[in-house]
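>
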Amino acid sequence: METKLEEAQRIHAAHHLPTYARNPVMIVGGEGDRLLAEDGRWFHDFLGGIAVNALGYGDPRVKAALAEAGHFPLHTSNLFHHPWQAPVIAGLVRLCGLPRVFLSNSGTEANEGALKLARLRSYRLGQKERTRFVAFEGSFHGRTFGALSVTASAKYREPYEPLLPGVSFVPFGSREALEAAVDDRTAAVILEPVQGEGGLRTFDPEMLRHVRELCTARGALLIADEIQCGLGRTGKVLACQHAGVVPDIVTLAKPLGCGLPLGAVLAAEHVSQHVKPGDHGTTFGGNPVACRLAMILLSDLEDGGLLEHVRARGAELRAGLERLKAKHPRIREIRGLGLMLGLDVEGDAAAIVKDGIEHGYLFNRTAETVLRIVPPLTVKSDSIARFLAYLDGALSRTAAVAPVA
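According to the working numbering, the residues represented by the sequence shown are 6 to 410, in order.
In structure tokens, the structure reads:
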């Protein structure tokens, strides 16, 4: 008799578009910062559904909210109000400091909305030549056409070209290249304060402030893609807040719906004042159930001490990684902020990811050589200590693996 994993593998092999290289694990449960597989194995989760499952697993408030929402219509459309969308909007405004919010379904949709807002502003101001975008090398903003157009990696872009015209990519952190690229035709500069798929590279606060000042001086908007690094992941609500920078537009998603699809575009008044009914929309964005769960995360960010917890656990994790770096010469660099950290290693990083699954630890590889470590924001100190002890052994076990060509 087939296991659930074997059935899933068979059906996916026969019928699903071959877009994912899935690991041979069937997740059937979870508790705290651990996940349970069908075969009875428990995994310490340092991937968090790719920075989505901020509150871990089995939170009683999430269970209660799902039960409550189940007695309500699961969909209303945005032609009507429901009880939970307005509180989410108000919470995002309080936490992020931008006065206007549009709720979407995903991060790539949020970035599509942000790009459209930048073009719409130019159009309504009569600046129809101001249509271009500037992004950074290493960027990843999504897989729909507009978001893909400002994503730098050729492996994501090339099969779908030609994409949106008028996009320039500048080297990460280069002031000179940025100044040359931003001109009176630039609608917006888009960046991730901490790059996720780009290898956890983090913008220096001075560079972020320079981007802000340059955009202001040249009449371009600054779009901060905080889909992965926002909502507490770095120890502040927004990663831009570490530099004291207020963007014109912020995009959010991953943890917002506590595991359900929910994204957001936040905009300054000087941007949103150009929007009229019908300029943008969504059928499912701001769904009642997703908003009900989002209220829990936003409450924790405002009142529950979650940010303090992230800063403390992030400091423990980074300190432990620094000790490992001193012991293992193959660790080239530690990157990131808070509980969004990356370990750039020599050799085959994929071998370490595979070793992790074999030993009950989940994390992944990004930018080929960087181990991405993004556990639930509620991760405990003892889990971090166990992970660091595991990683110490894994770095030794996999050291002899040949580097990726």
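The beta-carbon is built from N, C-alpha and C at its ideal position, and this holds for glycine as well.
None of the values given here were measured: they were computed from a predicted structure.
Spell out a yes or no on whether the segment 258-271 and the segment 30-40 are touching, meaning 3 or more CB-CB pairs, one atom from each, closer than 8 Å.
These segments do not touch.
> Under the DSSP definition of a beta bridge, which residues are partnered with phenylalanine 141?
Val175, per the DSSP bridge assignment.
> Would phenylalanine 138 and leucine 169 be called neighbours here (beta carbons separated by less than 9 Å)?
Contact: yes.
> Restricting to Cα atoms, I'd like to know which of Leu344, Phe48, Phe85 and Leu122 is closest to arginine 238.
Comparing Cα-Cα distances from arginine 238 to each of Leu344, Phe48, Phe85 and Leu122, the minimum goes to Leu344.
> Could you tell me whether the segment 174-192 touches the segment 229-249, where touching means 3 or more Cβ pairs closer than 8 Å?
No, the segment 174-192 does not touch the segment 229-249.
> With a cut-off of 8 Å on the beta carbons, I'd call proline 266 and glycine 53 a contact; round off their distance for me.
With a Cβ gap of about 16 Å, proline 266 and glycine 53 do not count as contacting.
> Please go through the same chain and pick out, in chain order, the residues whose beta-carbon is closer than 7 Å to the beta-carbon of cysteine 101, but skip the five residues on each side of it.
Val242, Leu243, Val255 and Leu271, listed in sequence order.
> Cα-Cα, which of Glu321, Val375 and Pro198 is closest to isoleucine 228?
When each option's Cα is compared against that of isoleucine 228, the closest is Pro198.
> If you draw a straight line from the alpha carbon of valine 194 to that of arginine 126, how long is it in whole angstroms?
Distance between the alpha carbons of valine 194 and arginine 126: 14 Å.
> State the DSSP-derived secondary structure class of valine 98, mapped to helix, strand or coil.
Valine 98 falls in the helix class under three-state DSSP.
> Mind reading off the beta-carbon distance from arginine 223 to threonine 191? Whole number of angstroms is fine, and I expect it under 8 Å.
About 7 Å; that satisfies the 8 Å criterion.
> Pick out the complete beta strand (DSSP E) segments inside the segment 318-349, 3 residues or longer, and give them in chain order.
With a minimum length of 3 residues, the continuous beta strand (DSSP E) runs that stay inside the segment 318-349 are 336-342.
> Within the same chain, show all residues whose beta-carbon is closer than 7 Å to that of valine 250, passing over the 5 residues directly before and after it, in chain order.
Taken in chain order, the residues that qualify are Leu213, Arg214 and Arg217.
> Rounded to whole angstroms, what's the CA-CA distance from phenylalanine 392 to proline 334? Just pull it up for me.
For phenylalanine 392 and proline 334, the distance between alpha carbons rounds to 19 Å.
> Please list, in chain order, all residues of the same chain as tyrosine 25 whose beta carbon is under 6 Å from its beta carbon, the five residues on each side excluded.
If we look at tyrosine 25 and ignore the five residues flanking it on each side, it has no Cβ neighbours.
> I need the DSSP call for valine 276, collapsed to helix, strand or coil.
If DSSP states are grouped into helix, strand and coil, valine 276 belongs with the helices.
> Label glutamate 166 either buried or exposed according to how many other C-beta atoms from any shown protein chain fall within 10 Å of its C-beta, with 16 as the threshold for buried.
The residue is exposed, with fewer than 16 neighbouring Cβ atoms inside 10 Å.
> Do glycine 75 and glycine 37 have their CB atoms nearer than 9 Å?
Against a cut-off of 9 Å, the Cβ pair of glycine 37 and glycine 75 comes out as no contact.
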